[in-house]
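Per our numbering, the very first residue in the sequence shown carries number 16; after that it's consecutive.
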Amino acid sequence: AQALADGLFFAAEDLAAEGNTSGAAKIYDAVRAVEVLPVHLRAGALRGSMLARGPKGGLPLLLEAFQGADPDFFAVALRTAQEMKGKLKIATGIAELLPALPPERKVPVLQLLGELGRKKAGAALLKEAEVGPVPVRVAAMNSAVRLAYAPVLPLASSLILSEDAELAAAARSGLAYFPGKKGDLALRKLLKSDDAQVRCVAVELAGQGALPAPVDLLMQIAAEDADGAVRLTALKGMKDYVRLPQAQGLLGHLLQPRSPEEGVAAEEGLKLVCEREKTSGTAAVVVTRAVYGDLPSGPQQDVTEPMKQLLASGAGSVDANNANFGDAAPGTPKRLQVDYLVNDVPGSQTVPEGQAFHMPSAEAPAALVDPLCEALAVSEGETRLALIRVLTIAGSAKALDAVLPLASAQDAVLKEAAVRAVCDWPSVEALPTLMEWAKAPADDTVRVLAFRGAVRLLLLGQDAPEGLCARYAELMALVASPEEKKLVLSGLSNVGHACALTLALDQVGDEAVKAEAVLAATAIVGRLGGSPEDIEALDRARTLLPDLSTAPAN
16 AQALADGLFF AAEDLAAEGN TSGAAKIYDA VRAVEVLPVH LRAGALRGSM
66 LARGPKGGLP LLLEAFQGAD PDFFAVALRT AQEMKGKLKI ATGIAELLPA
116 LPPERKVPVL QLLGELGRKK AGAALLKEAE VGPVPVRVAA MNSAVRLAYA
166 PVLPLASSLI LSEDAELAAA ARSGLAYFPG KKGDLALRKL LKSDDAQVRC
216 VAVELAGQGA LPAPVDLLMQ IAAEDADGAV RLTALKGMKD YVRLPQAQGL
266 LGHLLQPRSP EEGVAAEEGL KLVCEREKTS GTAAVVVTRA VYGDLPSGPQ
316 QDVTEPMKQL LASGAGSVDA NNANFGDAAP GTPKRLQVDY LVNDVPGSQT
366 VPEGQAFHMP SAEAPAALVD PLCEALAVSE GETRLALIRV LTIAGSAKAL
416 DAVLPLASAQ DAVLKEAAVR AVCDWPSVEA LPTLMEWAKA PADDTVRVLA
466 FRGAVRLLLL GQDAPEGLCA RYAELMALVA SPEEKKLVLS GLSNVGHACA
516 LTLALDQVGD EAVKAEAVLA ATAIVGRLGG SPEDIEALDR ARTLLPDLST
566 APAN
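Rendered as structure tokens:
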């Protein structure tokens with residue numbers, strides 16, 4: 016049967032290609048009429064017959080299939096309707112049929128009308144959206160929105176608070192995604208409703224993207240609306256949009272919140288602003304000079320342009336190696352020196368071959384930090400604690416200078432908040448303070464937090480290897496438990512310097528951390544070069560750990 020049907024279908028297609036569509040339709044009709052054939056062949060023949068006849072002759076067959084009992088014919092009619100020419104005629108015919116269809120058939124047919132894209136069907140869709148089973152109403156509303164049929168907007172507006180969750184969701188989605196300006200106008204009208212619940216929903220939709228660039232409107236609503244729930248929704252709705260221009264408004268809400276919840280929302284908004292406004296990575300750093308070779312006075316070459324290109328590619332760190340910069344001094348341990356500006360402030364890093372230049376820590380700009388610091392100085396209570404948390408995210412040196420004195424406050428709550436903020440500080444400006452706090456007695460809670468914070472900041476790698484080793488050695492002398500020693504070893508494993516290997520090897524005799532010490536030594540060995548100091552440390556490693564692979568990096 017399959018082979019016979021295929022042959023007949025090929026013949027019908029040839030006739031249709033020659034312009035003999037009536038002949039093609041007769042063949043398809045003949046196959047469709049043979050009830051003993053498998054249903055998929057008869058459904059295929061129905062499709063061919065509808066396409067061959069075109070919209071005028073095929074529409075009756077289409078409508079018949081929509082009303083017929085055979086689900087396979089119904090399914091093929093849904094697909095074929097999208098293939099047929101004369102979409103306007105097809106959509107009009109289907110729209111007229113809608114009232115006669117059972118609910119379970121209406122839903123896919125309504126979806127089809129949305130896909131056909133003809134507004135002529137809009138009135139029928141609106142009628143189905145007004146009353147009836149919820150799935151039918153939802154499908155009708157969705158298709159009307161897809162057609163940009165504006166008369167559905169008042170209905171959608173009236174249903175956003177429907178007790179039926181599915182219907183309310185469809186209405187809200189329709190308002191949010193209605194194409195063109197008419198949808199925006201409908202939503203703006205709801206923002207002015209006398210009903211606070213309606214306004215609240217409208218504000219939520221605006222925050223979700225239903226209106227273009229809504230942040231200024233949301234800020235205005237958060238400042239002016241008489242209802243607390245609406246104001247709170249507006250503040251929360253800004254989260255995807257807030258930047259520096261909104262910082263002052265958010266700060267005002269934080270300093271004078273009309274409810275505790277609004278204060279929290281303003282704080283979260285300011286934290287987002289700080290994160291987004293931090294001068295990050297390649298946007299922050301302007302490389303003024305980079306040299307690679309036997310520094311300071313041996314063979315070397317200017318690598319400023321290659322360095323700029325590597326940073327422009329989005330790299331957060333750049334390895335100092337011959338692959339990146341060429342071999343300016345064969346057989347000699349080399350160094351990479353990078354001079355740069357961050358917000359017009361000069362900086363410099365010098366790293367040995369095999370190590371990496373790391374981007375300076377990102378920090379929020381002064382235009383954001385200065386007002387926050389000024390507010391911190393005059394605030395009290397929970398507001399002051401919130402500002403401490405915000406400034407911690409900002410992470411600038413000035414922010415730290417504002418928070419650090421509060422770590423000595425008489426108020427226990429304020430003191431604890433400031434101490435924890437400094438211990439969580441995201442940039443290396445806090446490192447000297449944390450190193451000092453880490454010298455406190457072993458049972459001091461502040462010491463524990465400071466110790467962990469110091470290791471975390473050292474992991475940023477924003478110092479020469481010698482400096483990092485000195486810090487790690489200082490911390491190793493202060494450890495109060497095997498866990499803290501393991502923490503230091505994990506940081507040491509990232510430092511490719513002879514002193515780091517020496518520190519790791521010094522811990523091999525401690526059974527509590529021997530495994531971690533060996534792992535750290537293994538990682539460090541892979542980062543070393545061929546300097547005399549490196550070779551001396553490698554010789555010691557071979558003696559203590561004969562099974563350790565100690566081939567230096569090239």
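We put the CB at the ideal spot given by N, CA and C, even for glycine.
Within the region 339-425, complete alpha helix (DSSP H) segments of at least 4 residues are found at 381-393, 396-409, 412-418, given in chain order.
When DSSP states are grouped into helix, strand and coil, Gly308 belongs to the strand group.
Taking C-beta separations shorter than 6 angstroms and ignoring five residues to either side along the sequence, the partners of Leu131 in its chain run Lys102, Ala106, following chain order. Apart from sequence neighbours up to five positions away, the residues of its chain that approach Gln364 with a beta-carbon distance below 6 angstroms are Val353, Phe372, ordered along the chain.
If you look at Gln126, you'll find it in the alpha helix (DSSP H) that goes 118-131. With fewer than 16 other beta carbons inside 10 angstroms of its own, Ser312 counts as exposed.
Residue pairing by DSSP places Gln315 opposite Gly308 in a beta bridge.
Sequence-distant partners of Leu220 (beyond 5 residues in either direction) whose C-beta falls short of 7 angstroms from its own C-beta, in its chain, are Arg187, Leu190, Ala191, Leu202. Here Leu170 really is in contact with Leu141; their C-beta atoms are around 7 angstroms apart, less than 8 angstroms.
The shortest CA-to-CA distance from Val384 to any of Glu292, Ala96, Ile236, Gly195 is the one to Glu292. By the Cβ-count criterion, Lys251 is buried, with 16 or more other Cβ atoms from all chains shown falling within 10 Å of its own Cβ.
Burial is judged here by how many other beta carbons sit within 10 angstroms of a residue's own beta carbon; Arg399 has at least 16 and is buried. Taking Gly108 as the centre and dropping the five residues before and after it, the same chain places the C-beta of Leu74, Leu77, Leu78 closer than 8 angstroms to its C-beta, in chain order. The beta carbons of Ala155 and Ala163 sit no closer together than 8 angstroms. By the neighbour-count criterion, in which a residue is buried when 16 or more other Cβ atoms sit within 10 angstroms of its Cβ, Asp478 is buried. Look at Ser505 here: in three-state DSSP terms it is helix. Every alpha helix (DSSP H) of 4 residues or more that sits fully in the region 229-310 is shown, in chain order, as 230-239, 243-252, 259-270, 275-292, 296-299. In this chain, the beta strand (DSSP E) harbouring Asp334 covers 332-334. Annotation: Glu397 to Gln263 spans about 19 angstroms, alpha carbon to alpha carbon. In the structure shown, Asn157 falls within a helical segment according to DSSP collapsed to helix, strand and coil.
Measuring C-alpha to C-alpha distances from Ser37 to each of Val51, Ala409, Lys71, Leu232 identifies Lys71 as the nearest.
For Glu531, the enclosing alpha helix (DSSP H) has its first and last residue at 529-540. Between the region 277-286 and the region 301-320 there are fewer than three inter-stretch CB-CB distances shorter than 8 angstroms, so the stretches are not counted as touching. Around Leu474, the same chain offers Gly506, Asn509 as residues with beta carbons nearer than 7 angstroms, after the five sequence neighbours per side are excluded. Here Asp458 carries a coil assignment [DSSP, helix/strand/coil]. For Ala479, the secondary structure class from DSSP, reduced to helix, strand or coil, is coil.
One thing to note: Ala469 has its Cβ within 8 angstroms of the Cβ of Met450. Between Leu66 and Glu33, the gap from beta carbon to beta carbon reaches 8 angstroms or more.
For Gly222, there is no enclosing alpha helix (DSSP H), as DSSP gives it neither H nor E. Fewer than three pairs of CB atoms, one per stretch, sit closer than 8 angstroms, so the region 337-349 makes no contact with the region 384-395. Distance from the CA of Lys454 to the CA of Leu493, rounded to the nearest whole angstrom, comes to 7 angstroms. Boundaries for Ile175: no alpha helix (DSSP H) harbours it, and the DSSP string shows neither H nor E there.
If you draw a straight line from the Cα of Asp240 to the Cα of Gly224, it comes to about 20 angstroms.
Judged by beta-carbon spacing, Gln522 lies within the 8 angstroms limit of Leu504, meaning their Cβ atoms are closer than that value.
Annotated as distal: Lys100 and Gly59, with beta-carbon spacing of 8 angstroms or more.
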